[in-house]
Structures are given as C-alpha cells and as structure tokens.
Amino acid sequence: MPEFLQFLASGLTVGAIYALVALGFTLIYNASDVINFAQGEFVMLGGMVTVFATAAGVPLPLAALIAIVATVLVGLALHRFAIAPARGASAVTLIIITIGASILLRGLAAVIFDKRFHSLPPIAGNKPLLVGGAAILPQSIIVLAATAVIVVLLWALMTRTLIGKALLATAANRLAARLVGIDTGRMVGLSFVVSAAIGAIGGILVTPITLTSYDVGTLLALKGFAAAMLGGMGSPLGAVLGGLIVGLLEAFGAGYVSSAYKDAIAFLVILDVLFVMPHGLFGRAGVERV
Amino acid sequence: MGTLHVAAAAALTTLVFAGATTAANAEVKIGAVLSATGPASFLGDPEKKTLEMYVADINAKGGINGQQIKLFVYDDGGDPNQARTFGTRLIEEDKVDALLAGSTTATTMAIIPLAEEAKTPLINFAGAVQAVYPVKPWNFKTPHTDLMACEKIFEDLKKRNLTKIAMISGTDAFGKSMHDQCKTVTTKYGIDVLHEETYGPRDSDMTPQLTNIKGKAGVQAVVNPGFGQGPAIVTRNYRQLGITVPLYESHGVGSKQYIDLAGAAAEGVRLPAAALLVAEKLPDNDPQKKVVVDYKKTYEAKTGQPVSTFGGHMYDGLMILVDAMKRAGSADKAKVRNEIEKTRGFMGTGGVVNMSPTDHLGLDLSAFRMLEIKNGDWTLVQ
Amino acid sequence: MSAFSVEDVSIAFGGLKALQNISFAVEPGEIFAIIGPNGAGKTTLFNVVSGLYRPTQGRFFVNGADVTGLPPHALAARGLSRTFQNLQVFTRMSAIDNIMVGRHLHERHGVLPHLFALPAVRRQNRATRAKAMELLALVGMMDFAERQADGLAYGQLKRLEIARALATEPKVLLLDEPAAGCNAVETRDIDNVIQKVAASGVSVVLVEHDMRLVMKISHRIHVLDGGRTLAEGTSDAIRNDPAVIAAYLGGAVRGGDAHASG
Amino acid sequence: MVAALQTRAGVMLLAVIILLLPLVLPSPFYFRIATLVFIFALAVLGLNLLMGFAGQVSLGHAGFFGIGAYAVAVGPTHWGIPSWAALILGAVAAGLLAFLVGRPILRLRGHYLAVATLGMGLLIAMVLTNEAQLTGGPDGMPVPRLDLFGWRVRGAMPWYWVSGVTLAIAAWLAANLLDSPTGRALRAIHDSETAASVLGIDLARYKLTAFVLSAVYGAIAGAYLALFDGLVTPATAGFLRSIEFVSMAVLGGLGSILGSVVGATLLVVLPQALTVFHDYEHIVLGLIMIVFMVFLRAGIVPSLAALAVRRKP
C-alpha cells in the first residue's frame, strides 16, 4: 500500500507537468489548428529565466514574474513573426514552423543562458510529507494545486468573460466567428499568450523537482502532445486528464512492471485507447459534413 | 564613402597580412568533434570550452615548435552519423594533423575507423572500455574507463563490508555501459546485486524505482551509474523516500554542479572521481596538486562555471598531444603517434598517465580517489 | 426488379431523427427526383445510401441485392455513384486526372506493375485517358482538361463531378443539386446530360432545388419534409398535391429558398 | 499528364545530376555529403509517398529506417546472414510491420495519426535500446561491410554510386506510381477521402499500400546508412530523426519527388555550412526553417515551380 501511494504521488506530479504542457497545446490548437511544438520551450524559458534572474540577485517572486512576462513576449513574437505571416498555410507547414521556432529558442537559450542543468529552491521546503507511508514533497502538492487553479481559471475565462467566449467561438468556427465581428487573428495571438504563460508557470513550479536546462523542451513537447491526443485534441479537460494518465502510467509502469519499458507501456496504452476511441477520451467525434 | 574605402583597404591588408603569416609560418592543425549540444552536452560543453581556452593560451605563448595552432571544432550534437561526417571533414578538407574527438562512446566509435584509415593520431574522451581496448595504433583515450570506476566503488564497498547491493542505472549509453562493466566484476569483489532498476536519461522522477529498491530486503548499499542530471534527481528522491543505506554515485557525476542540484540530499554520498574535484583539499605533497589546482582556477575564472572532470579529460588530451608534438619536433602524424605512445609520467587532471604499445589509456586505479560529500563539499575518503 | 430500392430507412443523430421510414424504388433508365425544403433530409439520405452514414434502421438494394452497411467503395463497385452538394473535387489534380480517378473500378490493379510502369499499365493509362476525354467532351469541358481543378469555375466543377461520377459507369447515379449555382445555359447542358445518361439505362436519383429542371426531366418525384415522406408521384401529381404546396409555402414563409417556389 | 511529364522531367534531372556531380566534387568529404543526401532523400521519398501523395502524416518514419539499419547490423553479426540478404530481409520486415500495424493505425486521422505513428516509432527505438544482447544497447553496434559478389563496398565513392543509383531508381518507381491508378487513388485520397471512396477506392487498402511502400523505402535507406557508416545506434530510429525526415519532406515540398531530394540536401548541407556560426548555428537553422516555410509555404520545389509558372506570360 505505501508503494501504491508512492507510485500514485510520483505519477500525479509528473502527470501534472505533462498536463500543463498538454493544456498549452490544446489552447493554441483550438484557436488556430496549430500544433505548437515550441510549447516545451515555453516551459524551459519559465524555468531558465527564473533561475538566471534569481542568480542575478532578483528576489524569487519578482524573478518568476519576469520569467512569465518574458515567456509571454516570446509567445507573442512567435505568433507575430512566424505564425501570423503564414496564415492559411497547411497544418504540416505550420508544424514545421513551430519546430523551427523550437530549435531557434533552444539555440538562443544555449547562448544567452548556458547548457548546464539548474534548480530552484522549493517554495515550501524539501521535507517530505508522510502520507500512509508514502513520502510526498510539498512542491509536488503545489504543482498539483497550481494545475487545478489554472484549469479553474481557464474555465472561468472561457465561460464567464467576453474574451473567453470569443476564444471559444474562434475555436468552434473561425469563419463564423469572423462574421460576427471577432478579430480571430487577435484571438490566436491571445491563445499564444495564455499558452506561453501556462508553460512559464509550469516551468517555474516544476524546476525545483525536475531541474531544468536549455533543452528540456523537446521531451516535454513530446509527452505533452501525446497527453493532449490521449485526452482528445481540443478538450482542455481531456488535456489535463491525458497528462495525469500518462504520468500515472509511467509511474505504475516503472513501479510494477519494468522501468526499462515504462515509456513503452504509456505509449501502448495511448495506442490502444486511440484504436478504440479514434478521437481520444474527450475529443469531438463529430459527423463529417459532405 | 571615405570610411567604406578605408574599411575595404583595411580588410584587404588584413587578408594579405594573414596570408603572409601563414605562408611564412605553417600552422599545426588540430581538429575536434565534440557533443557540445544535445544529450551529451554535459560532456562536450566543458570539453569545448577547455580546448578553446587552452589553445588560445598556447598560441599566445608562441604555439608549438614555433607554430601556431589552428583549431577546428565541430559540434556533432551527440549523433554518431554527424560525428563521422565532421571527422571526415577534418581529415579530408581541413587536413588536420591530429584529432581530439569523441565525447561519447558512440561518437568515438564512429571516428576511430577514420583516424585509423587516415593514419592520424586521435585522442578520444569516451567513457567505455571499448573506446580503447583492443588497442588500435592511432587511437588513444584520456578518461578513466567505467570498469575502473566500478572497481573503485566495489573496493570501497568491500572495505566497508557491504556486499549486497542494488543498482539503479541510466538507460543512456554511459549508464548502460557502466552497469554492464560492473556486472563483469561482481564475483571478483564478492558483490551480490540483489535488485536492478533503470531510468531514462531525461526522466524527472525516479521514486517508483527507488521505492522498489527500498522494499527489497537485505540491500546494504545502492550504486547509481549515470551522468547528467539523472544522478541529482536519484539522490533527491533517495532522501525523499528516507532510504538510509549508503548511496554510491559514479564518476559520471564529475562536477560540483551535482552538489548544487542535489543540495542537502547529497550529504554522505560517495563516488569515485579524479583528484580535480578536490584540488585544493589534496595534501601539498600530492604530485597532482599543482596541475589540478591550476586547471581548476583557470577554468572557473574563464567560464564562471564549476570545473568538471570532463573538461579535465580534454586538458589532459590536449597536453599529451602538445607534449608529443614538442618531443617529435613537428606535427608529423607518425612521429606524433609514436611520441604519444611513449608518454610516461604525464601528470594530468585524471591521474598519472603511462602509455605503452599495449596500453593507450595509461591510467591505473590509483587515478581515482574515493570522495564523500560532507557539508556540501567533497572530502577525500582516507 | 428495381435498379435501386430503399426500404424503410431511418437514421438518427443523437436524439435527432433525420430520416424516418423512407421507402422508394427506382427503375432502370428512370429519372427520380427527391425534393423538399432545406433540412428535409435529402443530402442525409444520399449519405446513407452511398455508405457514408449507417442507417439506424432499414435496408437498401441495388438490382435486388441487399447492400446495406457496405462501405462506400464497395457500394461503388455494385454500381452506385454520386456527386456532392458542396463539391468534393480533387482540387490539386487536373480536370482530366479527376475523371481518370473515376475510372478506378475499371482498371487493373497491382502495385508492382504500377511501380515498374509495365507496358500493360501504360496501355491502360492511355485507354483511361481516352475515356476520360470522352466524358469531358460530354460535359463540354474538353478545353479545360489540363487545368488544375482549383482554378475552375463553380459551374465547371459541378459538371466535372458529374463526369467523374459517370466515369465509374454506374447503374445508379445519385446527383446532389447538379444545377445549383449554374447559369441558364449550363443548367440546360446539365439537363441534357442527365437525360442522355438516363436514356442509356442508368437510374438517376436527383436532389435539386431548381423546380423547372425537376419538373421538366423527372419521371417521378419523391417529396421529403422534416425527414419524412410527404408525397411521391409524377410531376403533375406533385405539383397539385395540397400537402406539398403547404410544406413549400410554409417553407417559403420560414425563409426557405427562392428556387423552391419556381 | 502534364503533371506526370513534369515529374518525369524531375526524375531525369535528378539522374543527370547524380551522373555529373562527381565531376565537380573535390574530395571524399563531398562524396560523403552527397551520399548522405541520397540516403536521406531515399527515406524522405518514401515518407513523401505517404505524406505528400496520400496525405497521411507519420512522425515515426525513423522506426522503419532503424529496422533497416539494425537488420544489416544484427543479421550478419548474430545470425551469419550475408549483408545483402539482411538488407532485403530488413526491408521485408519493415514492410511486414507496416502492413500489420498499418490497418489499425491508419484508421486514425490527422494529429491522432501523428501521435500513433510517433508512438510506434518510439516503441521501435525503445526495443532497439533495451534489447542490448542483440542490438548493443544505447551505444549501438558495429556493422559489417557490404560484400556484393566479391566487391567490398566501402568508402565514399562506391557508396555514392550505390546510393545514387538506388535513389534514381526509387524516384523513377515513385514517378511511375504517381502516373498509375494507384498514384491517382493516393492523390485522390489526399484531396477528399469521401469522394475517393464513393468512386470505388478502398481507402484502407491504398493508405496501407503507401504506408508499406514508405516503410520499405525507409528501411532500405536505413540499411544503406548503417552499411555506409559501419555502425548503428538507437538514435537512428529516434524521434528526432523522424522529425528531421518530416522537416525535409515539408521543406522540400510535399508531393514532389524532386522536393524530397531538395529537402534532404538542405538539412544535410546546412549543419555543415552553418559551422561558420559556431555557437549560433542552431539559432540560424531555426530561423532558416521558419523563413523558408513562411515564404515558400508549399515547400521549396512546388512554390518555386508555381512562381516560375506565374512569371511566364
């Protein structure tokens, strides 16, 4: 039983990270049909900027704020200079653009920061809490709580504000949204801003647990993408659940089956789910109109 | 207008001047293929920094045999195919006199055949045994082998009477190779491996694996072959779970950065490492003290980053090569190769190097020191 | 035996009953029109009988053989072909290539011969091309053979789709609004083509809003409203059917389209 | 017909280039670069059959590349199979695997297909990494040289001809396919699956055909790379390699045979050319990819071809 709880805690912590990346994927996808493979770089930037700002003597909360703002600016620039000019290009073309952006951002980070790993001090100390024989880091709980808060805020933004509704409308039908006077280009830009901010917050919160470096983005993008697809592309709830499930599969796979094949287990399950549910757990199946 | 002309004239003069110097004074060409980016940048980055730093230094002091060194450095990103392409380029296009190449075992194995075929001396920086055994005429290596690291750990375990261990290894090339090497000498040291776990090179949480190790009865110590950030996370998770038996890291940790990342969790961890990590703590009569203190000071002053044994391996390689070229009195490939092979009593950051026709590594177990982390710093285990 | 018959077909999406208990039969060489206000279920019916949707109930037959539940490509092999209301042209292919795709069922297949461009394959290519040219001529588009489809006008695309559907040499041809968006001349051309096709023995099922065309060429008309059959009969009978008039007038009041009253 | 003629002209041009290039290549290093271009172009051409013709995305193409590469490593080393036979067996194995997993995977669409193929590629790479007894693990293993009836194929020059001739043949086959019922069916599927199916095209069958063909092309390319380099590592089958293939295919131009070669050339040559930027080379590489895709969004070859057509009066 303590093992089970320990695996659960591990899975939820890692899963929350994937969930935040998946959420970023989903938001941008909803607004623009773009799969943004530079999403992992947002997480990297959040962590790295905070690390280097604190190293320069900036207090942690301010450093975190700087990191979020910097990442949002990068997200905006990505949209303004790479995505918007290619409006109307095919989905694969846009994917290659985001891959190019990811290479570019990684290269910039290697030059501006460095190529070493870095950590941040945990917010609530390093002393693990003992729950039913399992040792859980306070930071893990903070990450999970933050994920929950972000999901709730996003939900409130989407359903309670005009901007959120415009964003939803853009996601549902871009042409119709434009016809009712929504500036869909701005909405896509907004989705980059929100995704970048979520990525940066994720990066800041998980760095004390997972460490960070200039090239952590690639793997996060890969896992986050898989999680988003498992959950069903376009569904924020699906993205979060997808992330948590992938994290849990890895943890239980490593704990109960084989640590060498834990990633394989996660992907086998994803494949099986997609074979049964070709649009993921919460994806819109939709009848094809002809 | 005027400034443009002046600039053009200046550029032309520089070109002519540069051409004149090269014509009058042939250069020594040294080529490097390193994994400065990618998953092994942990190794390649300090290697590249060290190389560029010291070549500039040597050139400032007049070069080798009165010739300046012209350095070619390429980044293979950890991809053996790229390493081979750049190796070919160095040999065919840049026509280098010697190679300092191969940050990882895989990239090194891609370059060795090129050096052999072109009869160009190569000093590599791979960890695994196969990067230097069986001996090939033109291939040399400076880092200790992972087998040596294992033996050093097992020696220490035996001394402490801890014979039942668990292993948690990275699935990257470094961790896998060291794990396999360790398994070849368990019987020699009477070590029982009760349980084995692995983790991916980029995993961010190893508590599931460590929970299984914790649950295994009779484990007296845990050994973690791995490099990069993995060992730091293993160490943190180890303390998080409250595992109390001794933890051994490998020489893949190799830098103060590990202590920074693992924090208080690193307390009490032991590992085999080169003297470089404890440079200032060496007794004054230690013959290695001067070279390691000098390198450490230079590196840390120039880069602002903590010194690592990986950069040290590059220092050793470069110096062995430079010494050999000086002894050969030229950059002639065959002569330089012979002189490298004759290296005796070279005092490097990795230990004393004594090469021979049957040993192109030249280090013995004494090159490794057993360290323990106390109060956030390395200490020598006596 | 009817060339094509539908028996008691129903389909529902979630709770929405899009079609309820539709039955009809079409004879060889007959032009059979299906009309009804927008949202009556005409296109849905086409999607069911061409295999894109699965009916929740009912069966349909080609030449007496039950073909319910077969995938679209298998239905095509049984002799069923169709066009689409909102075009499904292969936009990145030339006009002639579009029609050549339509010859798929009449070509010999085998990846290896295709890879090595064996003489038989090249002969076949030439034959397919010649046949495709004939069909382009039939719809009056000879001059546009090499034009990429996304550069063609709407009316041309409509005709291209008809030619492509004919390329399969169907026994039953389902035409979804073939004249929509076409001018008077184009409409007359299309009407000629349809009559020629029917005269050759093909059963034509036609969904169309242009009542002039429908009344002129249809042998029989089937009227749908709200997913149910409202009436079926010759054009004269339908023209004077009070239920139909009511539905269409209601439709017009509800904002139905202008063609409907024509 | 016109399209087919253009494609055939492209293949001819490619053949002429392969034939004449050795006249201007100054050293074995350049032969190596050209050989790498041919090998990667072969793999990308296969991917293009799937992505460019049939419109099905694959983020796991390197998995098949890896199977081919390990076939010529494991076969001769562990089972004493001659290299040429191992190459054929590897291609058959990759094709067979594609046939088996293709049916369920190709039912997925768009991004779901992307993630499924990504998973497939990762699983292959994981097996290659973890089954160390056979594959040498993460460090990889040496690959015995290819012996073709007594001719020992080694060095850049022979491999230039082997890979160049193979690429020309592969391009010719692809051009033939494009101008056949199968090719028309694939292109039709790309534009409208619905319309293709009501014209009698069995979608599953043709997608599977393209998938199997792309796997065979990929496996042969992988085997060539392994034989040429004399060693393989699991990175051969890795995710980054898959991404590289997709980038090559899209940069060069989806659906264009010549585009595959241009895309491969760009991404093989760029890392060599960008070494002048030292630490900034990745920044420049990323910028180049973005700029190319923004301004030549259909890919280099199709976009430039369209421009040339528009320029003509």
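Protein chains in written order, with the numbering used here: chain P, 3 to 292; chain V, 15 to 396; chain Y, 3 to 264; chain C, 10 to 322.
All C-beta atoms, glycine included, are put in the ideal place defined by N, C-alpha and C.
| Item | Value |
| --- | --- |
| Tell me the rounded alpha-carbon separation between phenylalanine 254/C and alanine 180/C. | 17 Å |
| Just to confirm, are isoleucine 211/P and leucine 139/P a CB contact at a threshold of 8 Å? | yes |
| CA-CA distance, glycine 61/C and glycine 69/C? | 15 Å |
| Among Gly52/V, Ala338/V, Pro135/V, Ile167/V, which one has its Cα closest to the Cα of glycine 359/V? | Ala338/V |
| Of all the residues that make up the stretch 211-233 of chain V, which are near chain P by a beta-carbon distance shorter than 7 Å? | Glu211, Thr212, Tyr213, Gly214, Arg216, Ser218, Asp219, Thr221, Pro222, Gln223, Thr225, Asn226, Gly229 |
| CB valine 74/P to CB alanine 253/P, shorter than 8 Å? | no |
| In whole angstroms, give me the CA-to-CA distance for leucine 72/Y and threonine 163/P. | 47 Å |
| Please name the residue or residues paired with glutamine 65/C in a DSSP beta bridge. | The partner list for glutamine 65/C (beta bridge, DSSP) is empty, contrary to what the question assumes. |
| Mapping DSSP to helix, strand and coil, what is glutamate 202/C? | helix |
| So, does the stretch 245-256 of chain V touch the stretch 190-198 of chain V, judging by three or more C-beta pairs under 8 Å? | no |
| Under 7 Å Cβ-Cβ, which residues of chain V neighbour proline 147/C? | Thr185, Asp186, Ala187, Lys190 |
| Is the separation between the beta-carbon of glycine 244/V and that of tyrosine 272/V shorter than 8 Å? | no |
| Suppose the cutoff is 6 Å on Cβ atoms and the five residues either side in sequence are ignored; what does the same chain contact list for alanine 205/Y look like? | Sequence check: residue 205/Y is serine here, not alanine. Taken in chain order, the residues that qualify are Ala5, Phe6, Val28, Pro30, Glu32, Val174. |
| Since leucine 58/C and alanine 219/C are thought to touch, with beta carbons under 8 Å apart, how far apart are those beta carbons, to the nearest angstrom? | 5 Å |
| Look up asparagine 238/V in the DSSP assignment and give the residues it is bridged to. | Glu263/V |
| Between the C-alpha atoms of histidine 291/C and glycine 184/V, what's the straight-line distance to the nearest angstrom? | 27 Å |
| Residue range of the alpha helix (DSSP H) that leucine 385/V falls in? | Note, leucine 385/V: premise wrong, no alpha helix (DSSP H); beta strand (DSSP E) at 383-388. |
| Is the CB of serine 55/V under 8 Å away from at least one CB in chain P? | yes |
| For aspartate 59/V, go through chain P and note every residue whose CB falls closer than 7 Å to its CB, in chain order. | Lys117 |
| Beta carbons nearer than 8 Å to chain P: which residues of the stretch 318-350 of chain V have them? | Gln319 |
| How many Å lie between asparagine 221/V and glutamate 130/V at the Cα? | Just to set this straight, residue 221/V is threonine in the shown sequence, not asparagine. Roughly 45 Å between the two C-alpha positions. |
| Using a beta-carbon distance cut-off of less than 9 Å, what residues from the stretch 162-187 of chain C approach chain Y? | Trp181, Leu182, Ala183, Ala184, Asn185, Leu186 |
| So is arginine 41/C in contact with chain V if we call contact Cβ pairs under 8 Å? | yes |
| Out of Pro123/P, Val51/P, Val196/P, state which residue places its alpha-carbon closest to the alpha-carbon of leucine 159/P. | Val196/P |
| Check this for me: beta carbons of leucine 82/Y and valine 64/Y, under 8 Å apart or not? | yes |
| Could you check what DSSP says for isoleucine 334/V in three-state terms: helix, strand or coil? | helix |
| State the start and end residues of the unbroken beta strand (DSSP E) segment that holds lysine 216/C. | Per DSSP, lysine 216/C belongs to no beta strand (DSSP E); it is in the alpha helix (DSSP H), 212-238. |
| Counting only beta-carbon atoms, is glutamate 107/V nearer than 8 Å to chain C? | yes |
| With 8 Å as the threshold, decide whether the Cβ of leucine 159/Y is near any Cβ in chain C. | no |
| Leaving out five residues before and five after phenylalanine 9/P in sequence, what residues of the same chain have Cβ atoms less than 7 Å from its Cβ? | Ala253, Phe254, Gly257 |
| Less than 8 Å between CB atoms is the rule here; does valine 209/Y satisfy it with respect to chain C? | no |
| Using a Cβ-Cβ cut-off of less than 9 Å, give me the residues of the stretch 230-247 of chain C that come near chain P, in sequence order. | none |
| For lysine 270/V versus leucine 394/V, is the C-beta spacing smaller than 8 Å? | no |
| Within 8 Å of any Cβ in chain P, is that where the Cβ of proline 113/C sits? | yes |
| Pop quiz: leucine 250/P and valine 45/P are said to be a contact at Cβ under 8 Å. What is the actual Cβ separation, rounded to whole angstroms? | That pair is no contact at about 20 Å. |
| Give the residues of chain C in contact with proline 94/V, contact being defined as C-beta atoms less than 9 Å apart. | Gly149, Asp238, Leu240, Val241, Thr242, Ala244, Thr245 |
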